[in-house]
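Written out below as structure tokens is the structure these notes cover.
Number of protein chains: 2
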Amino acid sequence: MNPVLIEVLRGGAVESRHAGALAVVDASGGVHTALGDIDRPVFPRSAVKLLQALPLVASGAADAYGLSDAELALACASHSGEPEHVTTAAGVLARLGLTADALECGTQWPSREPVLRSMVARGELATPLHNNCSGKHSGFVCVACLMARSGGTEPAAFVRGYVAAEHPVMREVSAALSAATGVDVERAPRGTDGCSIPTFALPLRSLALAFARCGTGLGLSEGHARAARRLRQAVAAAPFMVGGTDRFDTRVMQTFGERLFCKIGAEGVYCAVLPELGLGLALKIDDGAARAAEATMATVAQALLRSGDEVLRSYSHLALRNWRGIDVGSLRPAPDLVRAFASSQ
Amino acid sequence: MNPVLIEVLRGGAVESRHAGALAVVDASGGVHTALGDIDRPVFPRSAVKLLQALPLVASGAADAYGLSDAELALACASHSGEPEHVTTAAGVLARLGLTADALECGTQWPSREPVLRSMVARGELATPLHNNCSGKHSGFVCVACLMARSGGTEPAAFVRGYVAAEHPVMREVSAALSAATGVDVERAPRGTDGCSIPTFALPLRSLALAFARCGTGLGLSEGHARAARRLRQAVAAAPFMVGGTDRFDTRVMQTFGERLFCKIGAEGVYCAVLPELGLGLALKIDDGAARAAEATMATVAQALLRSGDEVLRSYSHLALRNWRGIDVGSLRPAPDLVRAFASSQ
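Quick note, the sequences are listed as chains A and B, same order.
So the first sequence is numbered by our numbering: it starts at 1 and just counts up by one.
So the second sequence is numbered by our numbering: it starts at 1 and just counts up by one.
Structural data, given as structure tokens:
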């Protein structure tokens, strides 16, 4: 069993508990901190969008289609479906001569409620552009279009089916994952992600290593190293694109810029880069709870960056309020998590 | 650590795990099945609404104000804020000469999305009547009005502040909880619930005992025994009121009628009565996940009722689909849970 990382308090008593595992690793694979089982494979889901976007830059597609920082940041995003996200994804597709019909991520209503409500009030319907993965998929479509151009085939036909594991685009994405993590993902347990692309279960140790490599360039090909730096810089320059209003990743990267790259994934996963320390991080909450993944990420970031930043604290000690706005409890880091990082603070 | 009760599969691999504890107890306190720590106090939240509604019937308020089965079922509900729920709660208040302003549960948008969207499309705003607890609170207001009438005081003034622990209504509710569970709740850890009334942390063993007593009447005062039976019958007669469209509790009680009373609570709690077996059940998922609470409840109900019912199986083995409707995984009972009830099947 993994240790409890986050406790949920109500009226001073512990109401719920979130167990999990985390690995903080340097670019040579040296373990800085380990909690729980870091060798058990976990599906990293959207937490590896940075790795999945490496081919977009390394292939030359980002340059060929003149992608801006905002567009590159959106390629690494799980966004809230706000108007800026939707128009940015649509802009990339328009430049390729394509529309939302090219996206194979599925239709999803914006996760940000006020945006959803104003769409409903105006009688609008959700499209694949509102899907939290529309930026990543627009990036995949860019790679496909460049491949089609190089191969002299018709882009729209070549793009079709790009979410399948055997499509040339997804092969490039899988190869980038294998190269960065040092694990042959073709031999890893495979599932289908929310946006219909394959997701591979990998050890937290290997995921943390991949992100340490993305922070330092060590252990990556020159093309991937350059791509990782450019993507991190793009997200730091346009952090709104990676999440949205009131989203943890956006708020934290608005505060810390290039000092911290972090990305949430579904089912309680986080991956992060701390470039100045040469460290990568990967964590998984056993039960899949996002609230605990964010609180753990915030706790670790406070310790490793030696920061008393209020945004981080507002997540590590998230206040819980009821329907009348009354303070009823909070999250807090559990003793094992506090102890593991006590020497870092 | 409590055992894993539910596993979440993706592509054949376990992606997430939910640990928890559960107690199945008879009305004399004999333990039929125990998994995990059943003596650690847990906040039962909305899973004890049946117990909190005992004074509504036992005080005579339900008769004094002519409450129907639907209105009594709504008093035990965490409803989805659908039109039938809202009009039923409003009807109770109207009979008392009061309006939604009397409710102190706070404003909540309907949890059922199509209802929320059609309200937004019509430009309507949420009210306290849409709060999932509006039926329970309407019941509290009934009790307050009867107390005011008996005491010769002005009802509206007497009602005000009924959510406070020291208000005469809430004292009656706490006394009912203490009597049914056999635990003096005034000495238990106390928190504030989502709807602003006190919630007390109690052992699963004591909660399961209370529900076994509600199924048999044994160990309860005559008034509470009668009230428990009437409330169970009301919910069986009007199961839509206790939840709503596509809600577990509603669907299960539509199928099983008086054979099974079950009620979910926030943060992964369930309480249930199996009257024909003379058993009560209480369970808590450590991490607070509703999906795991429902899957565990469904697994136990299948075993104890020796039922192959499809509704129960659709929750114990909940299918997970992505944004394109593709089957990506499912829930399933974990080995410890399966083993614990193997002899019951």
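For every residue, glycine included, the Cβ atom is placed at its ideal position computed from N, Cα and C.
Keep in mind that this is a model prediction, so the values were computed, not measured.
Just to make sure I have the definition right: I need the residues of chain B whose C-beta is within less than 8 Å of the C-beta of A:V328. Which are they?
Counted from its first residue, the first sequence places residue 328 of chain A at position 328. Within chain B, the residues G191, T192, D193 and G194 have their CB atoms less than 8 Å from the CB of A:V328, given in chain order.
Residue nearest to A:A290 in terms of C-alpha spacing, selected from A:L305, A:G308, A:C271 and A:L279:
As a working note, residue 290 of chain A is residue 290 in the first sequence. Among A:L305, A:G308, A:C271 and A:L279, the Cα nearest to that of A:A290 is on A:C271.
Residues near A:E276 in its chain [Cβ-Cβ closer than 7 Å; skip 5 each side]
For this step, residue 276 of chain A is matched to residue 276 along the first sequence. These residues qualify, in order along the chain: R259.
Interface residues of chain B around A:F43 at Cβ under 7 Å?
As a working mapping, residue 43 of chain A is identified with position 43 in the first sequence. The contacting residues are R10 and E15.
Can you list the residues of chain A that B:R306 reaches, using a CB-CB cut of under 9 Å?
Position 306 of the second sequence, counting from 1, holds the residue named residue 306 of chain B. In chain order: nothing, as chain A lies at least about 30 Å away.
Near-chain B residues of the region 22-53 of chain A - C-beta to any C-beta below 8 Å
Per Cβ criterion, the list reads P41, V42 and F43.
Could you name the residues that DSSP lists as bridge partners for A:S16?
For the purposes of this step, residue 16 of chain A is taken as residue 16 along the first sequence, with counting starting at 1. DSSP, once it has assigned bridges, lists A:V8 as partnering A:S16.
Using DSSP bridges, identify the partner residues of A:I264.
Counting from one through the first sequence, the residue named residue 264 of chain A turns up at place 264. Note: A:I264 sits in a beta bridge opposite A:Y270.
Answer yes or no: does any C-beta atom of chain E fall closer than 8 Å to that of B:M297?
In the displayed structure, chain E is absent; the protein chains listed are A and B.
Beta-carbon neighbours of A:A352, restricted to chain B and to distances below 7 Å:
In the structure as shown, chain A starts at 1 and stops at 345, and residue 352 of chain A therefore has no counterpart that could be examined.
Give me the residue from A:V4, A:A23 and A:A21 with the minimum Cα distance to A:E406.
No answer is possible for residue 406 of chain A: it lies beyond the span of chain A, which begins at 1 and ends at 345.
Look at B:P83 and B:T107 and say whether their C-beta atoms are less than 8 Å apart.
Counted from its first residue, the second sequence places residue 83 of chain B at position 83. Counted from its first residue, the second sequence places residue 107 of chain B at position 107. No, the pair does not count as a contact, with Cβ atoms beyond the cut-off.
Beta-carbon neighbours of A:P99, restricted to chain B and to distances below 9 Å
Reading the first sequence from its first residue, position 99 is the one you call residue 99 of chain A. The residue asked about is misnamed: residue 99 of chain A is Thr in this sequence, not Pro. Ordered by position in chain B, no residue passes the 9 Å Cβ test against A:T99, which lies about 18 Å from the chain.
At least one CB of chain B closer than 8 Å to the CB of A:C271: is that the case?
Walking along the first sequence from the start, residue 271 of chain A turns up at place 271. By this cut-off, A:C271 is not an interface position.
Taking Cβ-Cβ distances shorter than 9 Å, what residues in chain A pair up with B:H18?
On the second sequence, residue 18 of chain B is found 18 positions in, with the first residue counted as 1. Within 9 Å Cβ-Cβ: D286, D287 and G288.
Sort out for me which residues DSSP pairs B:S330 with in a bridge.
As a working note, residue 330 of chain B is residue 330 in the second sequence. Looking at the DSSP assignment, B:S330 forms a beta bridge with B:L9 and B:A319.
Burial state of B:L281, where buried means 16 or more other Cβ atoms lie within 10 Å
Start at 1 with the first residue of the second sequence, and residue 281 of chain B comes out as number 281. Result: buried.
Spell out whether any CB of chain B is found under 8 Å from the CB atom of A:A75.
As a working mapping, residue 75 of chain A is identified with position 75 in the first sequence. By this cut-off, A:A75 is not an interface position.
According to a CB-to-CB cut-off of less than 8 Å, which residues of the region 255-270 of chain B neighbour chain A?
Those would be E267 and G268, in chain order.
Nearest CA to the CA of B:S178: which residue from B:P333, B:A34, B:V48 and B:R332?
Translated into the one-based positions of the second sequence, residue 178 of chain B becomes position 178. It is B:V48 whose Cα lies nearest to the Cα of B:S178.
Taking any Cβ of chain B, which residues in the region 161-186 of chain A have a Cβ under 7 Å from it, in chain order?
In summary, no residue of the region 161-186 of chain A has a CB separated from any CB of chain B by less than 7 Å.
contact_flag[the region 60-70 of chain B, the region 132-147 of chain B] where n(CB pairs < 8 Å) is 3 or more
Yes, the region 60-70 of chain B touches the region 132-147 of chain B.
Give the secondary structure of A:V163 by DSSP, where H, G and I count as helix, E and B as strand, and everything else as coil.
Residue 163 of chain A sits at position 163 when you count from the first residue of the first sequence. Coil, per DSSP.
CB contact check: A:V120 to chain B, cutoff 8 Å
To locate residue 120 of chain A, count along the first sequence from 1; it is residue 120. Judged by the 8 Å Cβ criterion, A:V120 is in contact with chain B.
Where in the region 145-210 of chain A do unbroken runs of the alpha helix (DSSP H), each at least 4 residues long, occur, reported from the N-terminal end onward?
Whole alpha helix (DSSP H) segments, 4+ residues: 155-159 and 168-181.
Identify, in the order they occur along the chain, each residue of the same chain with its Cβ nearer than 6 Å to the Cβ of B:L257, setting aside the five sequence neighbours on each side.
Taking the first residue of the second sequence as 1, we reach residue 257 of chain B at position 257. Checking the sequence, you will find Gly at residue 257 of chain B rather than Leu. Excluding sequence neighbours, B:G257 sits near A236.
Buried versus exposed, by CB contacts within 10 Å (16 or more), B:G97
The residue you call residue 97 of chain B lines up with position 97 of the second sequence. Around the beta-carbon of B:G97, fewer than 16 other beta-carbon atoms lie within 10 Å, marking it exposed.
Spatial neighbours of A:S330 within its chain, please: CB distance less than 7 Å, with the 5 preceding and 5 following residues excluded, ordered by chain position.
On the first sequence, residue 330 of chain A is found 330 positions in, with the first residue counted as 1. So the list reads L9, H317, L318, A319 and L320, once near-sequence residues are dropped.
Look up A:A290 in the DSSP assignment and say whether it is helix, strand or coil.
As a first step, residue 290 of chain A is located in the first sequence; it is residue number 290 there, counting from the start. When secondary structure is reduced to three states using DSSP, A:A290 falls in the helix class.
Under DSSP, the beta strand (DSSP E) around A:L281 begins and ends at which residues?
Within the first sequence, numbered from 1, the residue matching residue 281 of chain A stands at position 281. Element bounds for A:L281: L279 to I285.
Nearest-angstrom Cα separation, counted from B:D327 out to A:A89
For the purposes of this step, residue 89 of chain A is taken as residue 89 along the first sequence, with counting starting at 1. For the purposes of this step, residue 327 of chain B is taken as residue 327 along the second sequence, with counting starting at 1. The alpha-carbon atoms of A:A89 and B:D327 are separated by roughly 27 Å.
Does B:D246 come out as helix, strand or coil in the three-state DSSP assignment?
For this step, residue 246 of chain B is matched to residue 246 along the second sequence. Residue state for B:D246 is assigned as coil, using DSSP reduced to three classes.
Assuming contact is defined by CB atoms lying nearer than 8 Å, are A:G268 and A:A303 in contact in what I supplied?
By 1-based counting over the first sequence, the position of residue 268 of chain A is 268. By 1-based counting over the first sequence, the position of residue 303 of chain A is 303. For A:G268 and A:A303, no; Cβs fall outside 8 Å.
Using a Cβ-Cβ distance under 8 Å, would A:R152 count as near chain B?
Here residue 152 of chain A is taken as the residue at index 152 of the first sequence, counted from 1. Going by the sequence as given, residue 152 of chain A is Gly instead of Arg. No, its Cβ sits nowhere closer than 8 Å to a Cβ of chain B.
Along the chain, where does the beta strand (DSSP E) that runs through A:L35 open and close?
Here residue 35 of chain A refers to the residue found at position 35 when the first sequence is read from its first residue. Element bounds for A:L35: V31 to L35.
Taking the straight line between their C-alpha atoms, what separation do you get for B:D69 and B:V173?
Position 69 of the second sequence holds residue 69 of chain B. Position 173 of the second sequence holds residue 173 of chain B. Rounded to the nearest angstrom, the two C-alpha atoms are 20 Å apart.
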